[in-house]
Amino acid sequence: MNSPVRRPYRSKRHPPCDRCRQKKLRCDPDDQIACRRCQASGTLCSFTRLHRSVSMPVAYAGSTTPQYEPDPPSVPHIVPDTVASQPVPYLHERPLAYPIAERSAPQQAIQTLDRLPGVSAQVMGTSGESDPFLLRHCKFDDYGLLHFHQVRFRNAGGVPLEEKIPVHFLVTDNVLYDSAASSTRMTRQFPSARDELDTLVPADHSQRLISLFLTYVFPSLPIIPHFIASEDPQTIPVHLLAAIYACALPFAKFDEWLSIVHAYQAPPTSQLWRLALDLILEEIHTPHLSVLQAGILYLHKHWGTSQEAAIADTPFVWSFVGMMVGLATSLGLQLECRPMGMPLWERRVRRRLWWAVYSEDKWRSLLMGRPPYIRRDEWDVTDLDEADFETAPAEPFMRMVKMAIIADEIQSSMYSLWSAQRLSSDFADSLQTSRGLLRKLQEWLSLIPAPLAQDGTPAGPDLSTCVHFAYLLLEVFIFRALLRPMVPSKPPPRLIDETEQLPFFPDLTVDDYIAQILDGDDVVGEDIPAVTVSIEDKSVPVVLSAAENCAASMLRLISRMEAREMGTFWYSWCRIGFATVSNFMLLLLVQAPTKEHALRAKRLVYMWQQALRSQGRGWDMMDLGLIRLNGALGLGLANTYYLPLHIREVLDSKIPKLTTSGLRINQARLSETIHETCKWGAAHRWGEGPNDTGMARLTLTEDDAKVRRWFADEVRKLGCSLSIDQMGNMFARQKGRLGSNRPMIAMGSHLDTQPRGGRYDGILGVTSALEVLRTMKENNFQTNYDVGIVNWTNEEGARFPKSMCSSGVWAGGIPIQAAWDLRDIQDERITLRSELEKHGYLGDIPCSHEAYPLGAHFELHIEQGPILQETKRSIGVVTGAQGYRWLTLTVTGQDAHTGTTPLSARRDPLLAASKMIVASNEVAKRHGALASTGILKIPDNSSTNTVASEVAFTLDIRHPDDSVVHAVEKECLQAFQRISTEDGKGVSLGWTVDTDSPATQFHPDCVQSIKTAARSLLGEEGWMEITSGAGHDSVYTSRHCPTAMIFVPCRDGVSHHPTEYCTPEDCALGTQALLESVVDYDQRLAQQEQTPTKLP
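Right, dumping it as C-alpha cells:
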C-alpha cells in the first residue's frame, strides 16, 4: 500500500473510470453510463464521455455542476465494497481505552448530502437518541451509508479528527413525513406551487430576475450555489425561486424591459413572498439547504406598505430567526464541514450559509434586544476565506461576517442581561470593556484596503454606505452603553394594587397627588436633573465628546448619501438601526451634562431629523427612525422626559428652521482636507497625534507653491475656471445657472501661515470654501450667479513684511511696485516679485478690483480670541473690523562699555525702548484700546558688556474707532519723546508708519445673510455679533464689494501658535454657515433683479 509504484488494474473486462482508478477504489459501472461513485458525488464520470447520447439516471444529470430534479427517484441501495480487512486504529495516534474489532481500511466516496433524491437529512447531535459514539462503530458502505429500509444513517466522512467528533446524519425518505408536512401545507388555487409561480412570473422574466438577484443581492448574501445562473429555473425548488424573484423585484428598475412592464402592472412581490413562506413552512419537515436559503432571503423581504415600514417588527420576525437557526443546526451547519465527504460546492455553500445565519442571529439580537439563539460553545466553523467562494465576490460578505462577530461580543459583554445589570452602574468597568471593543472595530476598519485618490494617496476605506452604517451602528451601541452609568436611575414608582380605589382630588394636580402618596424623599419631579455626572474621572468628558463625534459621524454619512446608494441592497435590519440612532441622538440630549453639550446635542437631533426627512423621500428604510424621533419631538421633549433646567432652557430657545440650501457639508471630508493641506509646511510638533503639529508655510516658499498647485488641481476637478493675477492671487470660478456676467460671489482667505503658526488661520477659509463647492457639485446644486474662491497671497506678511499685501494691491491701497519690491526678511536678495516669477504665479491679469471685480466676499475664519468660547457661542457674525496702525520706531543711542560708563553718561536705547513699550500699554488702557509690540531688534554685534547702539521695535495700535487709534498714537509718541530725554544723555527717536488700516463696517446685506444662516442653524442663542480684532483680507475687499466674515471659536483663543485648534464640529458648522450665507445672498440678488424698478 505504501509503494510509490501504481498497482496495475488487472480486470480487462471491467476497467474502472478515471476517478476510481486514481483513488484505487472499486468501480461499479451502471450499464457503462457512469459509475455509482461518480453518480453519488455528482461528479463527471469518464464513462459518460463514451456514451454522450445516453442520459444519466441520477438526481443531477449534466455537467460537473449538479442540477435540481423536481421528481427524483428513491435512493438506490449501494452494495458495500469488499476489501480485505486490516487492523487499523479508529483514531490514528490516539491510544484506545479498550480494544475494538478489526475493520476494513477506512474509505468513503465523496457524495452530495443535500441533493440525494427523495430523502432529507438531519444531523444526529452528541446527545441525540442515536449516539454518534455508537454510530462510529457501524459498518458503513463505501458511500458512508447504513441502510434500515426507508431510514439510513450517513457517515459525514472525514471525521472524527483531533478535536473533531464523529458526525452522522439521519437520512429519511420524504414519504415518511408526508403527514407532518400536510399539517402546515396551505390550500392552493393552483394544481401545484410551480404552476402558481409560473403564473406570477412569466418565463421570459425569470432569467432577468435571477440576473438582477445575482447583481444586487448576491454580493451581500452569497448563500446560493454559484452555478444557479446556468440552471433551468424549472429545476430550482419553488420556495427558493420565489424568494429569489421577490428579492430581485425592487431592482427591476435597472432592467429596461422589466421597468416598462412594472410601469403598467404592479409587481407580484407580496404574492411571491407569501408563496415562499407557505412552502418554507411546508418543506421545513423535509428540509434541504434551499429551504434555509429561502428563509434567510425572507428575513430581508421588503415591507409591503409604508405603514409597515414605520412600525416595529412583530415578534414573528425574531421567532422566524429562531426557526432558521434551528433549521441550520438540524442540517448540521454548525459543524465544520471542510473535512467531510461532500462535494466542494456543497461544503462551500454550507459554510457560507452558516455564517449568514450567524450574522442574522447576532445583528438582530443586538438590534432587537433579544438573547441570541446561537451559543458560543455550540458551533465549530472556521472563519470564511477566499476558498469558500467560487465566482462570488468574497469581500463584502466576509466583512459583514467579521463585523457580526464583533456585534456578538458587544451584545454579550455589554447588553446581555447579566452584563447590563453589572455595568449599568459601573462606569469604570464599562469603559474598560468598551476599550477592547473599540479596538477591535478599529482593527476591522484598518484591514479594509483604501482605494487610491488621483494624487496617489489613500482615499479612505472602501466601504459601501450600508456597511459603513453598520460599522457606525456598532460604535453607537458601545457609546450608548457608556452613557448608562453616567446617570443614576430614578427610584421606581410606588405600585398600586389594581383593587385599590384611586382617590379623586378635583383641586389637586397629578403631581400634588403623587406627593401625597409618596414620601417626600421619593418624589421625582421635573426639577430633579436627568443628569448627575458625579464620577470623578477625567475620561467622562472624553467619552461624552467621543459619543457626540460618533453621532456626528453617523449624521455625516447619511447626509451625504447619494440616491444611487439607496438603490443598492440594504440588510432589512438596518431599518431598526436608524431607529436606534434616533434614540441615541435623543439620549445625548436628555443626558447632556452642560448647556454646551445640550446645545450641541440639540443641533445633532435637529440635523438628524432633517437628514431623515430629506434622504428618506421615496426610501422607507428610514421611516421607523423618523417616527421614533418625531414621536418625542412632536409630544415635546419636556413632556416626554424629566429634564434639568439647563436642557429646558436650550429647548425653549427657538427651534431652527430648515436651511436655505437644504444641503449638508461633509464634516469628515472637510477635516481631511484641512489636514491634507497641512502636509506641506507642517512643523513644531506639540502632541503625539498625527495632526498635532503647527505650520511654517510662509508665502511663496516651496511648500506654499505645492499647496497652491494642489488647490488649482482641486478646483479644476470641480469644473471651475482658474485665473491668477500679477500678485499671485488665485480666483476659482464656478458658473451660475443664469449665465450672468455679474462678478462672482467669492469666498476667500489665504493658505500662507506664520513661521510658528497653526492649522486653521486662513487655511480654514480656503478649505471651507472648497467644501462648499464640493457639496454643491455632488448635489447638482447651482447658484443663480457665479460663485468661487480666492486664495490671497501674502496675507500674513511674515516673509515679505506687509500684511494683507495682495488684497491691499487689489483694493488699490498698496502700489503694486511697492509690493513687488518687498524683500524677504531673511534674505534681502529675494523680492516678492522674484518669488512669483520663480514659482510661476506672476499672472497676466492686473491685480485690481477693476480688472477682476468681485460681486461679494465672504470669509470664514477662526476668531483668534476667546470671546466665542467664553460666551459659549458657536458662530460670530462679524459686523466689522478694528482700525489699526503699525509703526516701526527706531531708538538710537551710543555703544558704551557697561563697566566703565556711568549711568549718567550713557545713551541707552534699549532702556528707553523698554520704557516706551510700557508707556504704550498704559496709554492704550486709558482709551480702552490695544497696543502691542511684536518685534524688538538690537544689533547682531551686541554683547553682554556693551550698551547697544540702536534698538528698533514695532507698535500695533487697534480700536474699532479710528479717532481712538489716532489719539493713542499721538499720546504714545508724546510719551516716547519725553522718555527719550529722561536717562543719561538721552537718545534720539524716529518712526515710520508701516500700515494704516481704518476701521471697517461690513456690508449690511452680507451681514444679514450670515445672521439668517446662523439663526437657521443655531436659533437665537448659539451665535453673536462680534467685531474683528485682527486685520483680514476682507478689510480691503470691503472697500470695493459687499463683504462680511464668519468667526468660529478656537481653543482658548490661541492663534498664531502651533497649538491653534478648532474642533471638527465647529469647522463644519462654520462651513455650513458659509454655504447658507452664500446661497441666501445669491437668492437675495436674484429677487432684487426680478423686482421691477418703480418710476418716480
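Here the UniProt record's numbering is used: the first residue of the sequence shown is 1, the next is one more, and so on. Backbone N, C-alpha and C fix where the C-beta goes; we use that ideal spot for every residue, glycine too. In this text the structure is predicted, and so the values were computed from the model without any measurement.
Just measuring C-alpha positions, the residue of Pro233, Glu475 and Leu624 sitting nearest Thr305 is Leu624.
According to DSSP, Trp354 shares a beta bridge with no other residue. Taking the Cβ atoms as the reference, Thr677 lies roughly 16 Å from His684, outside the contact range of under 8 Å. One thing to note: His750 has its Cβ within 9 Å of the Cβ of Thr793.
For the options Ile1026, Gly739, Asp114 and Leu176, the alpha carbon positioned closest to that of Gly341 is the one of Asp114. Annotated three-state conformation of Trp1023 is strand, per DSSP. Using a C-beta cut-off of 8 Å, the segment 785–803 makes contact with the segment 737–746, since at least three inter-stretch Cβ pairs fall below that distance. Cβ-Cβ distances below 6 Å link Val123 to Phe169 and Gly332 in the same chain, with the five nearest sequence neighbours on each side left out; the list follows chain order. If you draw a straight line from the Cα of Arg352 to the Cα of Val487, it comes to about 43 Å. Exclusion of the five residues before and after Phe953 leaves Thr888, Leu889, Val891, Ala913, Met916, Ile917, Thr933, Ile935, Leu936 and Lys937 as the residues of its chain whose Cβ lies within less than 8 Å of its Cβ. Only residues of its own chain outside the window of five on either side were considered, and among them Trp886 have a CB closer than 6 Å to the CB of Thr995, listed in chain order. Met695 is bridged by DSSP to Ala682 and Gly757. Contact check for Asn791 and Phe711: beta-carbon distance about 6 Å, within the 8 Å limit, so the pair qualifies. The C-alpha of Leu854 is placed about 50 Å away from the C-alpha of Ala263. Contact between Arg348 and Glu390 holds, with the beta-carbon distance rounding to 7 Å and staying under 8 Å. Relative to Lys139, the option among Ser949, Lys595, Asp1080 and Gln107 whose CA is nearest is Gln107. Pairing Asn941 with Ala896, the inter-Cα distance amounts to about 13 Å. Secondary structure of Met186 (DSSP, three-state): coil. The alpha-carbon separation between Arg399 and Val381 amounts to approximately 17 Å. The alpha-carbon of Asp383 is positioned some 34 Å away from that of Gln234. Between Arg833 and Asp821, the C-beta gap is smaller than 9 Å, which places the two residues in contact.
In the same chain as Leu718, and ignoring 5 residues on each side of it, the C-beta atoms closer than 6 Å to its own belong to Leu773 and Lys777, in chain order. Secondary structure of His959 (DSSP, three-state): strand.
In this structure, Asp1052 sits near Pro866, with a CB-CB distance shorter than 9 Å. Around Ala156, the same chain offers Val167 and Met340 as residues with beta carbons nearer than 6 Å, after the five sequence neighbours per side are excluded.
By the Cβ neighbour-count rule, Gln974 is exposed, with fewer than 16 other Cβ atoms within 10 Å of its own. Rounded to whole angstroms, Ser430 and Met414 show a C-alpha spacing of 8 Å.
Per the coordinates, the alpha-carbon of Leu604 lies some 16 Å from the alpha-carbon of Leu473.
The DSSP-derived three-state label of Arg494 is coil. Counting only the Cα atoms, Arg958 lies some 21 Å from Cys1050. Taking every protein chain shown into account, the CB of His137 has fewer than 16 other CB atoms within 10 angstroms, so this residue is exposed. Excluding residues up to 5 positions away in sequence, Trp810 and Gly812 lie with their Cβ nearer than 7 Å to the Cβ of Ser848 in the same chain. Of Tyr358, Val581 and Val540, the smallest CA-CA separation from Leu557 is found for Val581. Rounded to the nearest whole angstrom, the C-alpha separation of Asp752 and Asp704 is 7 Å.
In this structure Val1035 is in contact with Met804, their Cβ atoms being roughly 7 Å apart against a cut-off of 8 Å. In the DSSP secondary-structure assignment, Asn791 is bridged to Met730 and Ser749.
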